[in-house]
Amino acid sequence: MLDEVISDLRAQLGSEAVITDRQERRTYECDGLSQFRSIPAVVVLADSTASVAKAVAVCASAGVPFVARGSGTGLSGGALPHADGVLIVMSQMRTIHEVDLVNQRAVVDPGVINLQVTREAAPGGFYYAPDPSSQQICSIGGNVAENSGGAHCLKYGFTTNHVTGVQVVTPDGELVDLGGGKSVDPPGYDLMGVFVGSEGTLGIATQVTVRLLRAPQAVTTLLAGFASTDTAGAAVSAIIATGIIPAAIEMMDALAIEAAEAAVNCGYPAGAGAVLIVELDGPVEEVDHLTPIVQDLCRAHGATEIRIAQDDQERALIWKGRKSAFAAVGRISPDYIVQDGVIPRTALPQVLRAIGELSRASGVRVANVFHAGDGNLHPLVLFDDAIEGAGERAEGVSGAILELCVSHGGSITGEHGVGSDKSKYMLKMFTDDDLDTMQLVRDAFDPANLSNPGKVFPTPRLCGERPGRRKGTHPLQQAGIAEIF
Amino acid sequence: MSTLKVLARACGQEQVSAGTDKDAVDGVRPSYVATPRDADAVAAVMAVADDENLRVVARGAGSKLSWGNPPTNVDLVLDLSGLDAVLEHAAGDLIVRVQPGVRLAQLQDALAPAGQRVAIDEVVPGSTVGGIIATGLSGPSRLLHGAVRDLLIGVSVVRANGVAARSGGRVVKNVAGYDLCKIYTGSYGTLGIITEAIFRLHPIPAATAYIAVSAPDEETAGAKVAAVLASQVTPTAIEVDRPSPDSQMTVCVLVEGFGPGVTARAARVEALLGRDAVVSTHRPPWWGLLPTAATTIRMTCQPSGVTAVARAVARGGAAVHASVRGSAGTGVLYAGIAAEADPAEVARLLAEVRGVCAAEGGSAVLLDAPAPVKALVDVWGPIPAITLMRKVKQSFDPQRRLSPGRFVGGI
């Protein structure tokens, strides 16, 4: 069966686009979540919409599963290959087809790197808003699959709010245009809306139209030190209650600050129990008006030190500590788990206390880094895999944190996706009927269940998948290619 | 047992009645009307509809029931006006959870004491939250705050077979599972009955300014729109209005924010719009409303196409005195035509603007019109992904129980 698929793929796409050598295939065995590994049966390097359509059509007629992969930076194992399937690598499709500043759109290939879109638009005074911290390396196609967020989604929203058109190869190999492209609200069901964030289970995006925003006239980045996460959290609530929506509000606790200082020497206020980074952007008059108000609110809630970036260099330094936080915990712990959960912002003090109690009770250290404005927590659960049972204890704490999020009315994932990692938690958040209803969409797009099977929804384990330990740093981080946050 | 009795058992004796002419959906009279009091009763009624093979149309305020095609048949109108509670307003979390029968104005009143609002405009006065979601009807402020689809973060529905299901949640940042909020928004009641909705909220701005100017023609208006779009003043909305083909076109820009900032930004917009621009704190009477007319065409295009679309309405619609209004900044315009217009002339105008909209990357839909006009035209126009949409409908509602025939491609 597979031999036939391989020869069909070679006939359709050329031999050089089809990889069967085991060592070469092995390069693709995991994405950014490296404890899930599975070597794909075949790898296809797609270089055009037509070649994706051909590859999918071959899979569809043979009943062979396929998985699309962009830059492989995902943190939930969404691009984990199928051991008996075809991995379709999209990273060669890197053309920016059009940057239309008048209509504030860019039309790009799925393999185009996120930051590249902003680089193309920047000379004209525009940018692409969603900014996952892997934006130097992650692809737009992957962003579409995962509905990626970033530090600035508090004000600007997620990928789903910035994609206006997607060309999709459906799981039966057909090509279809979803969304309005340069216009909005095309008549009919908003299939683009459900495609974004479907984690590759509804087909493969082969071209994406994104919204470009006019760059803000002014930006203020403010760093404030607090005695505790409680007082910092109170300052966040006060800012929101005043009717201010900053572009970003980020928080780090003492352990995360310690790690960041050790790693990048970012010069955060000494001895702080928590720091806040607040970024305001917009018309200069608005930003000038709001900056002192935010300063006063921070002071009123016990800020011990407030620093405002005077130029881009100082701004970069403030962000550096935050952006390097994940990698930095490698300085204070040999191994760690990056969690991604969401809670209602007002539950922040209770949930942080509960995480603290979990940590004390289990003896597992937890560093907290989060997008405080929208309640998206990234607890870093620290452990040493050399110690017998430490990995299991860390897994236990990590899972308990997700349960805390759900019990406070939050979500099991804010931006990293469900993928292979969290499908087992879906039933904590949704009923069988909820998941069956989502499955109705899957049935319409992919009745044979060939497009990235086994992800998102709880299913039995894949046969090629083997459990492994989380080994500290992300491979791309180790290589110095990407930062993650 | 009679169907009426089974329905009464599902949602209460007082909550069911025989349909009357007043309950007709775009001219199609239902046999029954059910007015359930809560989401469980909605599920029970839909289970009965499934057993008894009833065709169902959901109704809120009934303000947009004549939009789209008339349904092929209706046995039961499911009136959701009894589900009119604001269930939870978590001001600190900037979210609200509501039932579908809540009127938008009532919701805004409930949110205002906390200094918050849902950033959705009341485009059709009296609209309920459920009706706004079902039609995906967004107004001027979508330019800055996004459309209904962007503000809806959680939804509960009852499916055609009576099964209740939820998608999304009560936190804004959430990527767990498929985002079915998107697929229900603008689905005209053809996939499920909405029983609960969760929206993200925005602060009510401390200050607002409307900056308006008259333009003698479409080109001038289009150039003013483009100038504001290209600026860094961060407008909330850029609207245009022309009451008839021979009148001037008004361009009006809304700026919102904090006091001193708004004053300065309004002055910048004033400079962009030209010498005759006027700054006011009062919104123009036409702001954010559909044209008051028997026939409404919704036209979308890339923002640079607004000039061409407005011109097509003026020239092609001269005979029927078509007005044009809408969100030039996002490329959504509405043409309004009076009831006495010749249906053949309206059909000709629709065909003409449909061509121009398509050339400008958009589409034209006959939103609402008297029956003789609808009978002459394809209300929805060509739909590129119709095959996939039919599969979705088939998957959710294989019996075609919900709003049959109203939506695209006869879905």
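Going line by line, the protein sequences match chains V and W. One point on numbering: in the working numbering, the residue at position 198 of the first sequence is 198, and numbering is uninterrupted. One point on numbering: in the working numbering, the residue at position 276 of the second sequence is 1276, and numbering is uninterrupted. For each residue, glycine too, the CB sits at the ideal point set by N, CA and C.
- Counted as a single uninterrupted DSSP element, the beta strand (DSSP E) harbouring GLY1168(W) occupies residues 1164-1168.
- Nearest CB-CB separation between ASN143(V) and chain W: not below the 7 angstroms threshold.
- The alpha-carbon separation between VAL1096(W) and LEU1201(W) amounts to approximately 7 angstroms.
- Listed in chain order, the positions of the region 285-307 of chain V with a beta carbon within less than 7 angstroms of a beta carbon of chain W are GLU285, GLU286, HIS289 and LEU290.
- Nearest neighbour of GLY179(V) by Cα position, chosen from PRO171(V), THR160(V), GLY173(V) and ASP172(V), turns out to be THR160(V).
- Using a CB distance below 7 angstroms, the part of the region 1299-1329 of chain W facing chain V consists of THR1300, CYS1301, GLN1302, PRO1303 and SER1304, ordered along the chain.
- Approximately 13 angstroms separates the beta-carbon atoms of VAL351(V) and SER411(V); this is outside 8 angstroms, ruling out the contact.
- Any Cβ of chain V closer than 7 angstroms to the Cβ of PHE1396(W) would place that residue at the interface, and such an atom is present.
- Listed by position along chain W, the residues whose Cβ is nearer than 7 angstroms to that of TYR189(V) are ILE1183, SER1187, MET1389 and VAL1392.
- Annotation: ALA386(V) to ARG393(V) spans about 13 angstroms, alpha carbon to alpha carbon.
- The beta-carbon of SER1363(W) is placed less than 7 angstroms from the nearest beta-carbon of chain V.
- Residue environment for PRO40(V): buried (at least 16 other C-beta atoms within 10 angstroms of its C-beta).
- Apart from the 5 residues on each side of it in sequence, LEU191(V) sits with its Cβ closer than 7 angstroms to the Cβ of LEU178 in its chain, given in chain order.
- Taking 7 angstroms as the CB threshold, VAL176(V) lines the interface with chain W.
- For GLN207(V), DSSP records a beta bridge to GLN167(V).
- DSSP places TYR127(V) in the strand class (E or B) of the three-state scheme.
- The Cβ of ASN1174(W) sits closer than 7 angstroms to at least one Cβ of chain V.
- Within the same chain, VAL1148, THR1185 and GLY1186 come within 6 angstroms of GLY1136(W) by CB-CB distance, once the 5 residues on both sides are set aside.
- The alpha-carbon of ALA50(V) is positioned some 19 angstroms away from that of VAL42(V).
- Scanning chain V for C-beta atoms nearer than 8 angstroms to the C-beta of VAL1163(W) yields ASP433, ASP436 and THR437, reported in chain order.
- In this structure ASP1121(W) touches GLY1288(W) by the C-beta definition: roughly 4 angstroms separates them, less than 8 angstroms.
- Bridge partners of ASN376(V) according to DSSP: VAL342(V) and HIS371(V).
- Relative to ALA1369(W), the option among VAL1392(W), ALA1293(W) and VAL1408(W) whose CA is nearest is ALA1293(W).
- Among the CB atoms of chain V, one or more fall inside 7 angstroms of the CB of ILE1383(W).
- Only residues of its own chain outside the window of five on either side were considered, and among them none has a CB closer than 6 angstroms to the CB of GLY1261(W).
- Pairing ARG1406(W) with GLY1068(W) gives a Cβ-Cβ distance under 7 angstroms.
- As the crow flies, the alpha-carbon of ASP1378(W) is around 21 angstroms from that of SER1323(W).
- Collapsing the DSSP output to three states places MET1249(W) in a strand.
- Considering only beta carbons, the part of the region 1245-1272 of chain W lying closer than 7 angstroms to chain V consists of GLY1257, PHE1258, PRO1260, GLY1261, ALA1264 and ARG1265, in chain order.
- For GLN217(V), the neighbours in chain W by C-beta distance under 7 angstroms run, in chain order, GLN1232.
- Residues of the region 337-368 of chain V that bring their beta carbon within less than 8 angstroms of a beta carbon in chain W comprise VAL342, ILE343, PRO344, ARG345 and THR346, in sequence order.
- Per DSSP, HIS162(V) lies in no beta strand (DSSP E) and is assigned neither H nor E.
- Looking at ALA444(V), VAL264(V) and ALA303(V), the one whose alpha-carbon comes closest to that of ILE277(V) is ALA303(V).
- For GLU1196(W), the uninterrupted beta strand (DSSP E) run begins and ends at 1193-1200, by DSSP.
- In the DSSP annotation of this structure, HIS1089(W) is not part of any alpha helix (DSSP H); the continuous beta strand (DSSP E) holding it starts and ends at 1086-1090.
- Shown here, VAL329(V) sits in a helix according to DSSP, grouped into three states.
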